[in-house]
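Chemist: Chains as they are written, first to last, in this note's numbering: chain A, 7 to 261; chain B, 710 to 1010.
Positions of the beta carbon are idealized from the N, C-alpha and C atoms, including for glycine.
Please read through the structure below; I'll follow up with questions.
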């Protein structure tokens, strides 16, 4: 059933991604592929892995953006351009358009925790859900001919055979700088929900009306290069001068 | 967007097939004539080839029957259901015309309704996608319906062979209406401001202008191949002129010639050539419909 679930519980499992902290190491990309290629469903295939035209299916990708404030092209003028590393995976939207466009019922959103999944046995590989997703969260696996997407590691987070600290998505577990956090965003007292409130977490492309569950935390403001440099060069600083030199400094200033 | 041949063939041919089904359903053509029987078979053939082509782009076509299940939410599923449902009254009408020289008004009416709804559902697959600004408008179904009807009346004129004044005038009318609708559609598409930008896509607009520093992967992936198609944009202006000449100018010339000489073999040949030109023109128009469309995900690239 590809209509969105009517009787949703309050539980909204998702990720909070801290853009201030991510260093763009791609460790989460690799650990995601490693976990998800060997578990449920078909493998995440690569095409021509040792050839010239390498490509493959991934559920999580890291983009890097350069953000330039107005006038920021000139260093020290109006704040500096900065590079922001940007992890992107399925946002498990409340109003997921990828679910409602699916003609077969393969794509669905779970009522119990809001995770968006694909039943690969029903997927015909038409690709319409990937067209409907503004975030590029879905990639067709060219070997299996079915749509692959982030499962929020549903096979880890409820897996009682794993140690407690491992019951989080693979990307969260592997991140060396704690830029990715997992939790219940529907519970206002959860760590992730508090983090979103305190840091001003935001939605990606709110204008698409998808109401993503995953939130992004903005990079913290930075002291610009010009602010960190003293306004008067140290060699010209006469503050604290006394006696004859203070008189000389004042007199010369007046001329 | 990547213009997959299977989808272009599907939307073009089945669109024309259903357009012809509308004209046949309205009873414009005399069911006792051989040409009318041929028209029924042509309509069914166009629809069948189109639907078969649509299966070719699937990753797992053997499960295509499942696509009929989600008509409550999915336009693609609705399209599948309606496409097959409409073939039933159309086939019955065809059988009635071929074996009984008769046209049944009720069957015809059901065919007309089904064909129009099918073409509408096809267009809504694209028009419902908020991620592609140029498609996300009520003008998209209008264009699909008018192109379908213009094609239907052109085909009908060709089958009647210059003796059908009404069909020819209606073909002329619908070709011009399709042109106007498409021009308004294209004007909107070329002037619209995209609702999503790299700033809203990353949420970093509060700092400043966002530009890509490094892609997540060195070469193409499914997303850039599927949503980032750029080849035809280079020749978009030329292709638009080609589509205009083949979809509008040549069919209108054929219709005017047929009207002027009122019947005969020359008129029929002219109209058949007009139909061929129109089909080619719609192919180009559909190619542009996909190739020129820009997808919101490309804000990340």
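Kindly list the residues whose CB is nearer than 7 Å to the CB of residue 823 of chain B, restricted to its own chain and excluding five residues on each side of it in sequence; keep chain order.
Modeler: 791, 794, 795, 798
Chemist: Between residue 103 of chain A and chain B, is there a C-beta pair that is closer than 9 Å?
Modeler: yes
Chemist: Quick check: is the beta carbon of residue 784 of chain B nearer than 9 Å to any beta carbon in chain A?
Modeler: yes
Chemist: Does DSSP classify residue 876 of chain B as helix, strand or coil?
Modeler: Three-state result, residue 876 of chain B: helix.
Chemist: Using a Cβ cut-off of 7 Å, pull out every chain A residue sitting near residue 922 of chain B, in sequence order please.
Modeler: Chain-ordered, the chain A residues with CB closer than 7 Å to the CB of residue 922 of chain B read 70, 71, 72, 89.
Chemist: How about residue 138 of chain A: is its C-beta nearer than 9 Å to some C-beta of chain B?
Modeler: yes
Chemist: From what residue to what residue does the beta strand (DSSP E) around residue 244 of chain A run?
Modeler: No beta strand (DSSP E) holds residue 244 of chain A; DSSP gives it neither H nor E.
Chemist: How many Å lie between residue 742 of chain B and residue 760 of chain B at the Cα?
Modeler: 28 Å
Chemist: So if I threshold CB-CB distances at 8 Å, which residues from the stretch 839-866 of chain B count as touching chain A?
Modeler: 839, 840, 841
Chemist: Between residue 76 of chain A and chain B, is the shortest Cβ-Cβ distance under 9 Å, so that the two count as touching?
Modeler: yes
Chemist: Kindly list the residues whose CB is nearer than 7 Å to the CB of residue 17 of chain A, restricted to its own chain and excluding five residues on each side of it in sequence; keep chain order.
Modeler: 118, 119, 120, 190, 192, listed in sequence order.
Chemist: Using a Cβ-Cβ cut-off of 9 Å, state whether residue 147 of chain A counts as contacting chain B.
Modeler: yes
Chemist: Name the two residues that bound the continuous beta strand (DSSP E) containing residue 222 of chain A.
Modeler: 221-223
Chemist: At the level of alpha carbons, what is the spacing between residue 862 of chain B and residue 41 of chain A?
Modeler: 57 Å
Chemist: Beta carbons nearer than 7 Å to chain A: which residues of the stretch 899-913 of chain B have them?
Modeler: 904, 905, 909, 910, 911, 912, 913
Chemist: Would you mind reading off the limits of the alpha helix (DSSP H) that contains residue 251 of chain A?
Modeler: 249-260
Chemist: Where does the unbroken beta strand (DSSP E) through residue 93 of chain A begin, and where does it stop?
Modeler: 88-95
Chemist: Can you check which of these residues, A:149, A:95, A:246, A:127, is closest to residue 159 of chain A by C-alpha distance?
Modeler: The option with the nearest alpha carbon to residue 159 of chain A is A:95.
Chemist: Quick check for students: name the residue ranges of the beta strand (DSSP E) that lie wholly in the stretch 131-188 of chain A, counting only runs of 3 or more.
Modeler: Given a length threshold of 3 residues, each whole run of the beta strand (DSSP E) inside the stretch 131-188 of chain A is given here in chain order: 145-147, 152-154.
Chemist: Can you name the residues of chain B whose CB is closer than 8 Å to the CB of residue 210 of chain A?
Modeler: 909, 910, 911, 912
Chemist: Mind listing which residues of the stretch 21-47 of chain A have their C-beta closer than 9 Å to chain B's C-betas, in chain order?
Modeler: 25, 30, 32, 35
Chemist: Which whole-angstrom value describes the C-beta separation of residue 28 of chain A and residue 177 of chain A, a residue pair presumed to lie in contact below a C-beta threshold of 8 Å?
Modeler: That belief does not hold up - the Cβ atoms of residue 28 of chain A and residue 177 of chain A are roughly 11 Å apart, past 8 Å.
Chemist: Among all the DSSP beta bridges, which residues are the ones paired with residue 67 of chain A?
Modeler: A:94
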